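Residue numbers (the numbering used here): 4 to 193.
Ideal placement from N, C-alpha and C gives every residue a C-beta, glycine not left out.
Keep in mind that this is a model prediction, so the values were computed, not measured.
Heads up, the thing below is written out as structure tokens.
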């Protein structure tokens with residue numbers, strides 16, 4: 004763990020290209036940011052990320068600004084078709100481009116489109132704030148989650164496994180981290 008030691012993790016779903024591919028681009032953005040910190044300043048503030056929001060901006064930049072952009076796919080779609088000839092047989096670049104940029108609310112934040120992604124963040128921020136302030140009790144979290152999810156995204160949450168129990172930052176003590184994704188989106192758009 005130090006300069007030059009950058010590792011990425013991802014999840015693979017053999018039935019859903021976007022989940023794996025855009026996850027890899029996101030994590031690669033983090034790795035590229037880390038690889039470009041000045042090694043000679045490792046261990047000092049000059050050799051560390053300046054903020055989580057800036058860190059997320061680099062991952063969201065690669066995931067969305069680059070990876071969902073038409074110029075990227077103008078270049079890489081022919082190679083993708085060579086790699087997955089049967090899956091993409093008869094699929095045009097326009098149809099593929101539309102599919103990876105489709106706007107449709109989702110139960111899963113990391114699969115959310117760019118029009119609704121920040122609503123997932125707002126939901127988590129509001130509920131974390133309620134928990135931290137004492138206005139929301141842990142026992143009431145599932146109901147509050149489902150109610151706010153319906154209000155923000157228009158979807159009914161079928162169960163807690165696909166609702167409030169899906170979010171993992173609390174496990175590692177990352178309370179308050181979610182707004183860094185929205186800050187990252189704003190920074191990357193600039």
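Measuring straight from C-alpha to C-alpha, what distance separates residue 222 and residue 90? No answer is possible for residue 222: the residues shown for the chain start at 4 and end at 193.
Where the alpha helix (DSSP H) containing residue 125 begins and where it ends: 120–136
Considering only the beta carbon of each residue, do residue 112 and residue 120 sit closer than 8 Å? yes
Tell me the DSSP secondary structure of residue 9 in three-state form. coil
Decide yes or no for the touch test of the segment 79–87 against the segment 39–55: beta carbon pairs closer than 8 Å, at least 3 of them. no
Using the Cα positions of residue 149 and residue 160, report the straight-line distance between them to the nearest angstrom. 6 Å
Could you tell me which of 25, 166, 123 and 183 sits nearest to residue 76, measuring between CA atoms? 25
Would DSSP call residue 112 helix, strand or coil? helix
Grab me the residues of residue 6's own chain with a C-beta within less than 6 Å of its C-beta, minus the 5 sequence neighbours each way, in chain order. 42 and 45
8 Å Cβ cutoff met for residue 57 and residue 190: yes
Where residue 183 sits in the DSSP three-state scheme: helix
Am I right that residue 158 and residue 110 are in contact with their C-beta atoms under 8 Å? What's the rounded C-beta distance? 6 Å
Does the distance from the C-beta atom of residue 73 to that of residue 103 stay below 8 Å? no
Can you say whether residue 18 is buried or exposed, counting buried as having 16 or more other CB atoms within 10 angstroms of its CB? exposed
Would you kindly work out how many angstroms separate the C-alpha atoms of residue 169 and residue 142, rounded to a whole number? 16 Å
Can you tell me which of the three DSSP states residue 52 falls into? coil
Mind checking whether residue 50 and residue 40 have CB atoms under 8 Å apart? yes
Here's the rule I'm using: 16 or more other beta-carbon atoms within 10 Å means buried, otherwise exposed. How should residue 15 be labelled? exposed
Local conformation of residue 162 per DSSP, three classes: coil
Give me the Cβ distance between residue 62 and residue 30, rounded to the nearest whole Å; I'm assuming they're in contact under 8 Å. 7 Å
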